[in-house]
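In terms of UniProt numbering, the sequence shown opens at residue 1 and continues consecutively.
Cβ atoms here follow ideal geometry from the backbone N, Cα and C, with glycine treated the same way.
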Amino acid sequence: MSKGKRTKSGSAHDINKWENGLVQAVVNEDAWKTCVFFLISNKPEDNVLINISSEVISTGLRKLFSIISKEQLLKEVKDFAKAIGSGGGKGKPAVKLPEFVEICEQVKPFIDQGEDIPPSLLAKLLKFKLLLLKTKDIERLEEAKKEKAKSASGKKGDKRAESPGKRSKSPKKKGKKGEAERPPSPKKDTKLKRRGEVEDTFKTIG
């Protein structure tokens, strides 16, 4: 067996190891909590609303919501079980698989034979799915933090680059030193006219 391939969980020791880890794994934490709701139709009209809700959530626009359907869950089980069996393939890098993916190997035979999945096994499968959603959401939050920090550092860099180029507005030019403080000369009492002055010839009858 090549080193790149993941060992199958067929032995009792392997099953107990990952199964105990899955059972003890914590879903809800202080920084991440989940609320599970079941959408069950009581009448045909409810199916329309459920389908609309599923389509909207599946687009990824509602980042705080995820949806788990039976069809989607069974498809993921088959895909993960196939990935475990194939590994990285000859000359290919090993496929990165999520933790506790071994549960998919235990569930797949029931799917292949068209049998119902035992409740205890189905409960573990659903917990595996919740942990998978948790991992992806935490990665999304970490990526958002990095982008925010990168954007903030970029803005600071732009401000530093603009600061040296800016010039303070030059103050208004003033006259020579002493001229601004010189008081206006008193008007002399003279009959001589200055250039531009017009004599006031308007007279009133006394």
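Measuring CA to CA, which of Gly114, Val101 and Ser120 is closest to Lys17?
The shortest C-alpha separation from Lys17 is found at Val101.
Return the Cβ separation of Ser109 and Thr135 in integer angstroms, given the expectation that the two are a contact with Cβ distance under 8 Å.
In the sequence as presented, Ser is not what sits at residue 109; that position holds Pro. No, Pro109 and Thr135 are not in contact; Cβ-Cβ is about 26 Å, not under 8 Å.
Enumerate in chain order the residues of its own chain whose CB-to-CB distance from Ser66 is below 6 Å, with the five nearest sequence positions on each side excluded.
Here the set comprises Leu133.
Whole angstroms are fine: how far does the CA of Ile103 sit from the CA of Phe128?
Those two C-alpha atoms are separated by around 8 Å.
Please report the Cβ distance between Ala83 and Val95, rounded to the nearest whole angstrom; I am assuming they are in contact, meaning their Cβ atoms lie under 8 Å.
Yes, Ala83 and Val95 are in contact; Cβ-Cβ is about 5 Å, under 8 Å.
Go ahead and label Gln106 buried or exposed: buried means 16 or more other beta carbons lie within 10 angstroms of its beta carbon, across all protein chains shown.
Buried: at least 16 other Cβ atoms inside 10 Å.
Under the three-state reduction of DSSP, which class applies to Ile138: helix, strand or coil?
Reduced to three states, the DSSP call for Ile138 is helix.
Excluding the 5 residues flanking Leu130 on each side, which residues of the same chain have their C-beta closer than 7 Å to its C-beta?
Only Val27 and Thr34 meet the Cβ criterion.
Taking Lys78 as the reference, which of Lys150, Leu141, Leu125 and Gly154 has the closest Cα?
Looking at the Cα atoms, Leu125 is the closest of the given residues.
Can you tell me whether Ser41 sits near the ligand HEM, meaning its C-beta is under 7 Å from at least one heavy atom of the ligand?
Looking at this structure, you won't find the ligand HEM or any other ligand, since it has none at all.
Quick one: which unbroken alpha helix (DSSP H) runs of 4-plus residues sit fully inside the region 63-111? Chain order, please.
70-86, all fully within the region 63-111.
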